[in-house]
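Per our numbering, the sequence shown runs over residues 236 to 536. Glycine included, every Cβ here is placed at the ideal spot set by N, Cα and C.
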Amino acid sequence: MRDGGRDSAILPGMPGSALKRQSIAIVGAGNLANALARSLHKAGYPIDLIISRAPAASLRRARRLARQVGASAVSGRRAKIQAQVVWFCVPDGAIASAAKSLLEAADWKNKVALHSSGALNSDELNVLRGRDAAVASVHPLMTFVRGARPPLANVPFALEGDRKAVRTARSIVRDLRGVAFNIGKQQKGAYHAWGMFLSPLLTALLAASENVAAAAGVGGKTARQRMLPILRQTLTNYARLGAAGAFSGPIARGDADTVKKHLKALREDRGAQEIYIALAQAALRALPAKNRAALRKILKA
Ligand SMILES: NC(=O)c1ccc[n+]([C@@H]2O[C@H](COP(=O)([O-])OP(=O)(O)OC[C@H]3O[C@@H](n4cnc5c(N)ncnc54)[C@H](OP(=O)(O)O)[C@@H]3O)[C@@H](O)[C@H]2O)c1
236 MRDGGRDSAI
246 LPGMPGSALK
256 RQSIAIVGAG
266 NLANALARSL
276 HKAGYPIDLI
286 ISRAPAASLR
296 RARRLARQVG
306 ASAVSGRRAK
316 IQAQVVWFCV
326 PDGAIASAAK
336 SLLEAADWKN
346 KVALHSSGAL
356 NSDELNVLRG
366 RDAAVASVHP
376 LMTFVRGARP
386 PLANVPFALE
396 GDRKAVRTAR
406 SIVRDLRGVA
416 FNIGKQQKGA
426 YHAWGMFLSP
436 LLTALLAASE
446 NVAAAAGVGG
456 KTARQRMLPI
466 LRQTLTNYAR
476 LGAAGAFSGP
486 IARGDADTVK
496 KHLKALREDR
506 GAQEIYIALA
516 QAALRALPAK
526 NRAALRKILK
536 A
């Protein structure tokens, strides 16, 4: 069946009637683009184009990804976009300018344009709205780094934008076996701060933990290996029991002298000490603790 001038994919063996997949062009070939393009391809979406910046290195990265998902790679200057959906996978600060640079690369009327910033809303694509495209922000609450390809099944996706674009995004997310939910424009700042806690700041905490391990005489890779069992169990407990049920240690027990000893041991590592105090105070505010008054005093001092 012809759709928007291109063949839509028909998936054999799918339950119910044969499913059509809209064709997709992806702008960028970085961490998100690599994971997303592969997952979309696997879910039966035809990926038409991977659109890159002009430098040879950018185009090379786009070509490498394009090869893996049966797409063509092209620089923005030469792009002629036929795909029904255009997904901007560029850094937050480049979304609006990338959209502007592709204004003449397509007839935007009836197209859906998506971006995946967690913090910015669909207005970033206003320039395409002005050409009658339907636009939305579609943010997967997941971390994508080089060398890791997380499956998108069960990943929550926060959606916000024009009705048609949100409907399209919801259907794509469903095909990726993710979990779509709506987010308000005004909530995106807090939403993305939440995401920041869940991976980047957690990773910063782990990096600080490695320094503390080194002070205890456990260095480098060994520290990482020795940390993993307790980290995994903490996540398992959190998933099963919630934060209060997963909380153990001297604050839960009210061992004020132990906390004092920790602070003394961390005197040489100012950064780790600050993190310790901030998190211990947060624990005192939100989690079951004994001997609160004494602990509060020690942490203030
Ligand atoms: N990484 C994550 O964990 C994650 C999670 C959820 C959402 N996101 C969102 O996903 C988006 C992309 O993030 P990322 O982590 O994938 O970034 P990234 O790894 O830095 O990749 C960005 C890509 O954008 C390309 N690019 C930059 N400006 C461009 C332009 N004007 N036209 C075409 N391509 C351009 C870069 O190409 P060059 O090769 O030319 O540098 C690079 O391929 C962001 O909005 C981010 O908020 C990321």
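Taking a contact to mean a Cβ-Cβ separation below 9 Å, would you say Ile282 touches His276 in this structure? In this structure, the beta-carbon distance from Ile282 to His276 falls below 9 Å.
By Cβ distance below 8 Å, which residues in the same chain neighbour Gly311 in space, the five residues on each side in sequence not counted? Non-local beta-carbon contacts of Gly311 in its own chain, meaning distances under 8 Å to residues more than five positions away in sequence, involve Val262, Ile286, Ser287, Arg288, Ala289, Ala333, Ser336, Leu337, Ala340 in chain order.
Which residue's Cα is closest to the Cα of Cys324: Asp397, Ala314, Ala272? A check of alpha carbon separations from Cys324 across Asp397, Ala314, Ala272 identifies Ala272 as the nearest.
Per-residue burial, Asn417 [other beta carbons within 10 Å of its own, 16 or more giving buried]: It counts as exposed.
Those runs of the alpha helix (DSSP H) which lie wholly inside the region 326 to 396 and span at least 4 residues: The qualifying runs are 330 to 336, 361 to 364.
Can you tell me whether Pro435 is buried or exposed, with buried defined as 16 or more other CB within 10 angstroms of its CB? Per the 10 Å Cβ criterion, exposed.
For Arg405, collect the residues of the same chain with a Cβ closer than 6 Å to its Cβ; drop the 5 residues on either side in sequence, then sort them by chain order. Result list for Arg405: Ala415, in chain order.
Leu466, buried or exposed, once every other Cβ within 10 Å from all chains shown has been counted against 16: By the Cβ neighbour-count rule, Leu466 is exposed, with fewer than 16 other Cβ atoms within 10 Å of its own.
Per DSSP, what kind of secondary structure is Asn526 in: helix, strand or coil? Coil at Asn526, not helix or strand.
Which stretch, first to last residue, makes up the alpha helix (DSSP H) that contains Leu514? Residues 505 to 521.
By the three-class DSSP mapping on this structure, what secondary structure does Ile407 have? It is helical.
Backbone CA spacing between Pro326 and Ser352 [nearest angstrom]: Straight-line spacing of the CA atoms in Pro326 and Ser352 works out to 8 Å.
Ligand 1 and Met377: does any heavy atom of the ligand fall closer than 8 Å to the residue's C-beta? Answer for Met377: yes, Cβ within range of ligand 1.
Just to check, is the beta-carbon of Ala286 closer than 8 Å to a non-hydrogen atom of ligand 1? Reading off the sequence, residue 286 comes out as Ile, not Ala. Correct: Ile286 has its Cβ closer than 8 Å to ligand 1.
Within the continuous alpha helix (DSSP H) that includes Ile486, where are the two ends? In this chain, the alpha helix (DSSP H) harbouring Ile486 covers 485 to 488.
What residue range is occupied by the uninterrupted alpha helix (DSSP H) comprising Ser274? Annotation: the continuous alpha helix (DSSP H) that includes Ser274 extends over 266 to 277.
Ordered along the chain, which non-local residues of its own chain (more than five positions away) have a Cβ less than 7 Å from that of Ala354? Apart from the 5 residues on each side of it in sequence, Ala354 sits with its Cβ closer than 7 Å to the Cβ of Asp327, Lys423, Gly424, His427 in its chain, given in chain order.
Looking at the unbroken alpha helix (DSSP H) that takes in Leu463, where does it start and where does it end? Where Leu463 is concerned, the enclosing alpha helix (DSSP H) starts and stops at 455 to 481.
Can you list, in chain order, the residues of its chain with a C-beta nearer than 8 Å to that of Asn413? Leave out the 5 residues immediately preceding and following it. Asn is not the amino acid found at residue 413; the sequence shown has Gly there. Hits under 8 Å: Pro375, Leu387, Ala388, Asn389, Val390, Pro391, Phe392.
At the level of alpha carbons, what is the spacing between Ala400 and Arg520? If you take the alpha carbons of Ala400 and Arg520, they lie about 41 Å apart.
I'd like to confirm something about Pro326: is its beta-carbon nearer than 8 Å to some heavy atom of ligand 1, or not? Answer for Pro326: yes, Cβ within range of ligand 1.
Supposed close pair Gly489, Ala536 - CB separation, criterion 8 Å: Rounded to whole angstroms, the Cβ separation of Gly489 and Ala536 is 17 Å, and the two are not in contact under 8 Å.
Where Pro485 and Val447 are concerned, what is the direct C-alpha to C-alpha distance, given to the nearest angstrom? In a straight line, the C-alpha of Pro485 is about 17 Å away from that of Val447.
Closest by CA to Arg459, which one among Tyr473, Leu441, Gln468? Checking every option, the nearest Cα to that of Arg459 belongs to Leu441.
Buried or exposed for Leu534, please, with buried defined as at least 16 other CB atoms from any protein chain shown within 10 angstroms of its CB. With at least 16 other beta carbons inside 10 angstroms of its own, Leu534 counts as buried.
Pick out whichever of Ser444, Gly419, Arg256 has its Cα sitting closest to the Cα of Gly506. Nearest C-alpha to Gly506: Ser444.
Secondary structure, beta strand (DSSP E): runs of 3+ residues fully inside the region 275 to 327: Fully enclosed beta strand (DSSP E) runs of 3 or longer: 282 to 287, 307 to 310, 320 to 323.
Who are the Cβ neighbours of Lys420 in its own chain at under 7 Å, not counting the five residues just before and after it? Around Lys420: Asn356, Glu395.
Cutoff 6 Å; reference Arg364; Cβ partners in own chain excluding five residues on either side: For Arg364, where only same-chain residues beyond five positions count, the Cβ hits under 6 Å are Val370.
Helix, strand or coil: how does DSSP classify Ile533 here? In the structure shown, Ile533 sits in a helix (DSSP, three-state: H, G or I).
On the CB-based measure, 16 or more other CB atoms within 10 Å of its CB, does Gln468 come out buried or exposed? By the neighbour-count criterion, in which 16 or more other beta carbons inside 10 Å mark a residue as buried, Gln468 falls on the exposed side.
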